[in-house]
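**Student:**
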Amino acid sequence: MKEQTPANITFGLLAKLPKSELQLLVKEYIAYSGKVKYVYYFIFGFFAIVMTYNLVFAGRSFPIHDYKNIQNTMVGVVGIFLLIFLGVAGYVLAKLIRLKKRINSIAEKCRLNKKALRSEFHLFVKTTIGGTGIK
C-alpha cells in the first residue's frame, strides 16, 4: 500500500467546491490560525506571572499590611489577565465556530457530507497551511 504524503493526498470533496468558496474558507482559516497563537501567549503569560510571584514573594516574611497589599495586587493582576484571556479565547472560538458553520452551509449548498467535508478541509489546511486545524 502506498504511503500517503501531502504530495499524493487527493481532496475529492474539496475539488467539487467552487473556487471562490474554497478561497474564502482558506482566508477565514488563515485569520483563525493567526489568532490562535495569542491564546498560547496568554497561557504562557499566566504561568510566567505565577512563577514570578513564587520566585519573588512566596516563602518570604512580610508585615501583614504589606502582605495584604501584595496579595490584593496579585489577585487584581491575575483577575484582569484572566478576563482578557477569556475575551481573546472567546474571540478565537467564535472565529472557529463561524468557520465550521460556513463549511456546513457550503456542504448543504453543494449537497456534500458535512462531516466528510470538514474532515477533508481539516486535512487540507493541516498539510498545506499548518496550524491547529478545525477538528
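Numbering-wise, our numbering comes out as the position in the sequence shown, counting from 1, plus 169.
C-beta: ideal position from N, C-alpha, C; glycine also.
1. Smallest Cα separation from residue 226: which of 241, 212, 213 and 214?
2. What does the alpha-carbon distance come out to for the pair residue 228 and residue 265?
3. What does a CB cutoff of less than 7 Å around residue 293 pick up in its chain, not counting 5 residues either side in sequence?
4. Is the beta carbon of residue 268 closer than 9 Å to that of residue 194?
5. Determine contact between the stretch 273-281 and the stretch 197-214, defined as no fewer than three beta-carbon pairs at a distance below 8 Å.
6. If you draw a straight line from the C-alpha of residue 216 to the C-alpha of residue 187, how long is it?
7. Would you kindly work out how many angstroms separate the C-alpha atoms of residue 284 and residue 304, rounded to a whole number?
8. With residue 180 as the anchor, note down where its alpha helix (DSSP H) starts and where it stops.
9. Assign residue 301 to one of three DSSP states: helix, strand, or coil.
10. Does DSSP put residue 280 in a helix, in a strand, or in coil?
**Tutor:** According to the structure shown:
1. Within the sequence shown, numbered from 1, the residue matching residue 226 stands at position 57. Nearest option by C-alpha distance: 241.
2. The count along the sequence shown starts at 1 and reaches residue 228 at position 59. The count along the sequence shown starts at 1 and reaches residue 265 at position 96. Looking at the two C-alpha atoms, the distance is approximately 43 Å.
3. Here residue 293 corresponds to residue number 124 of the sequence shown, with the count starting at 1. Cβ within range, chain order: 180 and 183.
4. Counting from 1 along the sequence shown, the entry for residue 194 is found at position 25. Counting from 1 along the sequence shown, the entry for residue 268 is found at position 99. Cβ atoms of residue 194 and residue 268: closer than 9 Å.
5. With fewer than three CB-CB distances shorter than 8 Å, the stretch 273-281 does not count as touching the stretch 197-214.
6. Reading the sequence shown from its first residue, position 47 is the one you call residue 216. Reading the sequence shown from its first residue, position 18 is the one you call residue 187. Going by the C-alpha atoms only, they are around 45 Å apart.
7. Within the sequence shown, the letter at position 115 stands for residue 284. Within the sequence shown, the letter at position 135 stands for residue 304. Going from the Cα of residue 284 to the Cα of residue 304 covers about 10 Å.
8. Locating residue 180 in the sequence shown gives position 11, counting from the first residue. Counting along the chain, residue 180 falls outside any alpha helix (DSSP H), and DSSP gives it neither H nor E.
9. Looking up residue 301 in the sequence shown gives position 132. Residue state, collapsed to three classes: coil.
10. Within the sequence shown, numbered from 1, the residue matching residue 280 stands at position 111. Coil.
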